[in-house]
Amino acid sequence: MLNDLDGIEASGLPIRYVLIDDGHLANKNRQLTSFVPDKERFPNGWKNIISRKKEDKIKWMGLWYNFCGYWMGISPENDFPEKIKETLYSYNGSMLPGKSKENIGTFYQYYIGTLKDYGFDFLKIDNQSFLLPLYMGNTEVIRQAKACNLALEEQTHNQQVGLMNCMAQNILNIDHTQYSNLARVSIDYKKYDEDMAKSHLFQSYTNTLLQGQTVWPDHDMFHSSDTICGSLMARSKAISGGPVYLSDSPVDFVKENILPLIDEEGRIFRPEAPAIPTPESVITNPLKDGKAYRVFAPTGNEAVSLICYNLNTSPSHHQVETTISPADYSLRETMSGKAAPQAERILLYDWEKQTAEVLTADKQIALEGFTDRLFHLCPIRNGWAMVGIQEKFLSPATVEVIFSSSKQLKLNVLCPGNLRVWAEGNSQQELRTIPVSHPGEITINKQ
């Protein structure tokens, strides 16, 4: 693990946090025995790893914990302090927090405090929906499971520990995110597994329709080196608005699938709201129906970003077609709550081809095989349409419009790169490319 930290720093990528996944918790028969890490794997505990945090490099470190203790709960053979043991009771071969709200609160105070004492900054809490089944068959099942969720929220908030909710699709989990703002929305992603990747994308966007009302969606980690769908997965992370975390070995990082997501400091360019399916895709099964699957998100001051997918699993639907319409821009209203002018003229920017056209009618899009196409719909106002930095997936999120008139455009550009701006005047239209060497304000005049 220390070698991996060396590799991350040597990669030259501005990676600012690491998350240590499952494999460190001491357990017996898949039941938690201690919050002290497994002594065979971590003979020196966490100190050598935590000491590697640096303000200008890996600034934050997180740890994976299991909501139930471990996959099958808490072992009776645990090393917890006597006060904590007294908050647990035995049921169906496992120890469970309860039965009172006070006992549950005391247990999760200890649970979160162990991570805080080690020096970690955030937690990923997995297996949340399985806690309810561990209680089932006993009395006051719902009350106790609910109290566990509330205690988790309260203690991470009180102790100022970041919380990533995982496998928390149970309604008790969804309805009790009091302070946390992030949750997994799909099955796991697995490298080189095309069908699983298609299902993962379908679930991620569709489940956001419900879960995205209260949290930002976590589309899971991905491998930038996945030769089947590494770049496609990277774009889905961008438009999701959720966290971006890589499972590659540092020597396998593919920068072309990472740098378009972030600025020079490692900040992620994010949409204004998480991506969800377009109306017709809500009632489509994109794995079987022989149709394209489209998702959208509002990005930047004014744009709509849209990705068209072919997620069909049957060879008979190797190629599908879809359309992009000027009316698609009005989808921004559903997420931003701000009405767009009915007579708005729209520029369609094809991110892959780096081309632009005024969208006056439906645009036919062909999708061959497991693929995606990213587009930005940008309004033309005062003879200008702002696309943004072309090297970043969410180009419109890389600029802020400060001032616009028929003769001048003033922008705050958030990262270096090639700025793409559509300009109209004197019966001419052009897609300009303006090199930007450093972030800051720039002024563009009509020629």
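Numbering-wise (this note's numbering), the sequence shown opens with residue 1 and increments by one.
For glycine and all other residues, C-beta sits at the position ideal for the given N, C-alpha and C.
Checking the DSSP bridge columns, you'll see Lys28 partnered with Gln31.
DSSP places Asp218 inside the beta strand (DSSP E), whose first and last residues are 216 to 218. Within its own chain, the residues whose Cβ lies closer than 7 Å to the Cβ of Asp188, once the five positions on either side in sequence are excluded, are Asp220, listed in chain order. Cβ atoms of Ile389 and Thr323 stay farther apart than 8 Å, at about 27 Å.
Annotation for Val436: the continuous beta strand (DSSP E) segment containing it runs 428 to 436.
Residue pairing for Phe296: DSSP places it in a beta bridge opposite Ile276, Leu306. When Thr443, Ser404, Trp351 are compared, the shortest CA-CA separation from Cys308 is found for Trp351. DSSP assignment within the segment 63 to 124 yields the following whole beta strand (DSSP E) runs of 3 residues or more, N-terminal first: 88 to 91, 94 to 97. With fewer than 16 neighbouring CB atoms inside 10 Å of its own CB, Thr139 falls in the exposed class. If only uninterrupted beta strand (DSSP E) runs of at least 3 residues are considered, those enclosed by the segment 381 to 407 are 384 to 389, 399 to 404.
Taking a contact to require three or more Cβ pairs closer than 8 Å, the segment 172 to 186 and the segment 210 to 230 qualify as touching. Along the length of the segment 173 to 229, whole beta strand (DSSP E) runs at least 3 residues long occupy 182 to 184, 216 to 218, reported in chain order. Beta-bridge partners of Asp372 (DSSP): Tyr309.
Between the segment 274 to 281 and the segment 248 to 256 there are fewer than three C-beta pairs closer than 8 Å, too few to call the two in contact. With contacts defined as CB atoms closer than 8 Å, Ser34 and Asp79 qualify as a contacting pair. In this structure, the straight-line span from the alpha carbon of Met95 to that of Asn103 is close to 13 Å.
Nearest Cα to Gly300 within the set Pro396, Ser51, Gly425, Ile125: Pro396.
Boundaries for Ala356: no alpha helix (DSSP H) harbours it, while the beta strand (DSSP E) harbouring it runs 355 to 359, taken from the DSSP string. Under the three-state reduction of DSSP output, Val320 falls in the strand class. Taking all protein chains in view, the Cβ of Val282 is surrounded by fewer than 16 other Cβ atoms within 10 Å, so the residue is classified as exposed.
By the Cβ rule, the segment 43 to 62 does not count as touching the segment 83 to 97, because fewer than three pairs are nearer than 8 Å. In this structure, Asn418 and Pro435 form a Cβ contact; the two beta carbons are roughly 6 Å apart against a cut-off of 8 Å.
Exclusion of the five residues before and after Gly119 leaves Ile50 as the residues of its chain whose Cβ lies within less than 6 Å of its Cβ. DSSP, read as helix, strand or coil, puts Asp350 in strand.
Ile262 and Pro14 do touch by the CB rule: their CB atoms are close to 7 Å apart, below 8 Å. Under the three-state reduction of DSSP, Ile50 is assigned to helix. Straight-line measurement puts the Cα of Ala26 at about 13 Å from the Cα of Pro76. Per DSSP, the beta bridge partners of Tyr17 are Trp60. Approximately 19 Å separates the beta-carbon atoms of Thr87 and Leu123; this is outside 8 Å, ruling out the contact.
Distance from Leu287 to Ser199 at the Cβ level is roughly 6 Å; contact confirmed, criterion being Cβ atoms closer than 8 Å. Between the beta-carbon of Val295 and that of Ile239 there is about 7 Å, and that keeps the pair under the 8 Å contact cut. Proximity to Arg373 across Ala292, Leu2, Ile258, Met136 peaks at Ala292, based on C-alpha coordinates. For Asp126, the pairing in a beta bridge is given by DSSP as Asn66. A direct Cα-to-Cα measurement between Lys39 and His376 gives close to 51 Å. Linking His223 to Pro260 through their CA atoms gives a straight-line distance of about 15 Å. Listed as beta-bridge partners of Glu441 by DSSP are Asn412.
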